[in-house]
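At position 11 of the sequence shown the residue is numbered 11 (the UniProt record's numbering), and the sequence of numbers has no breaks.
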Amino acid sequence: MLGALPTLTLLRRTPANLRRKSRGLRCVGDCFWDVCKNVASATFCTPKGCNLSAKCSNAPRTIRTLKLFDTGRVGLGVYTTTDLDIGDVVGEYCGELSELPAVIKGQPDQAVKQNSGYTLLYNAKSAKKNYVYVDALNCGSITRFKSHACDPNAAFVEQQTRTRVKVLVKMLKDVKAGAQITVHYGNERWFRCACDDCWSDDDGECEQEDDA
1 MLGALPTLTL
11 LRRTPANLRR
21 KSRGLRCVGD
31 CFWDVCKNVA
41 SATFCTPKGC
51 NLSAKCSNAP
61 RTIRTLKLFD
71 TGRVGLGVYT
81 TTDLDIGDVV
91 GEYCGELSEL
101 PAVIKGQPDQ
111 AVKQNSGYTL
121 LYNAKSAKKN
131 YVYVDALNCG
141 SITRFKSHAC
151 DPNAAFVEQQ
161 TRTRVKVLVK
171 MLKDVKAGAQ
181 ITVHYGNERW
191 FRCACDDCWS
201 DDDGECEQED
211 DA
């Protein structure tokens, strides 16, 4: 057990005398993912920096057409009731934020960077250079119920606008209404894979070997 977590340190705002001039509206046209400059720079759209007032596919949001269902194999899953296009933001991974200097004192950075359960580690660090975790076990959006797949149709993408960092769920593929939305949980196998590509009805074992 890690014990009590310290209070989260919020990212500091840039001092007024050091703030850079606004670049103006970065979005062009209808702000599609393949032409949006914010997408190319891993920045999410905000009302002040988007021609569509952040009512676009690159803005933080959780669409209402995502629904829960019982997968019959790994508990709850998420499916869409409408068609979705590649690049669409379908949700934001939300939860309780905490920070730690390291999981184990002296542990190398690369060993600390791992996810488990409902806990996801940001790539960005806090103002104190600590690791920031978002835990969706007790609170969060419907995105916390997205199932793992070795060949997912969506992905967790960390994007930042100034000091605001968010983890969004973006579509990697076009899908039709009724499709289950899946993501890849990462290379740390803290779970038993039960995706469609791996599952065997005969014995319930994963048919694919780990890449490691």
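Where a beta carbon is used, it is the ideal one built from N, C-alpha and C, also for glycine.
The three-state secondary structure of residue 48, taken from DSSP, is helix. Where residue 131 is concerned, the enclosing beta strand (DSSP E) starts and stops at 131 to 135. Judged by DSSP secondary structure, residue 70 falls within the beta strand (DSSP E) whose first and last residues are 66 to 70. Less than 7 angstroms divides the Cβ of residue 167 from the Cβ of residue 93. In the DSSP assignment, residue 74 forms no beta bridge with any residue.
Rounded to the nearest whole angstrom, the C-alpha separation of residue 175 and residue 69 is 17 angstroms. Minimum Cα-Cα distance from residue 95 among the listed residues 121, 56, 77 corresponds to 121. Distance from the CA atom of residue 178 to the CA atom of residue 128, rounded to whole angstroms, is 44 angstroms.
Distances from the CA of residue 85 to each of 137, 157, 197, 170 were compared; the closest alpha carbon is that of 170.
Residue 126 is positioned such that its CB atom lies closer than 7 angstroms to that of residue 132.
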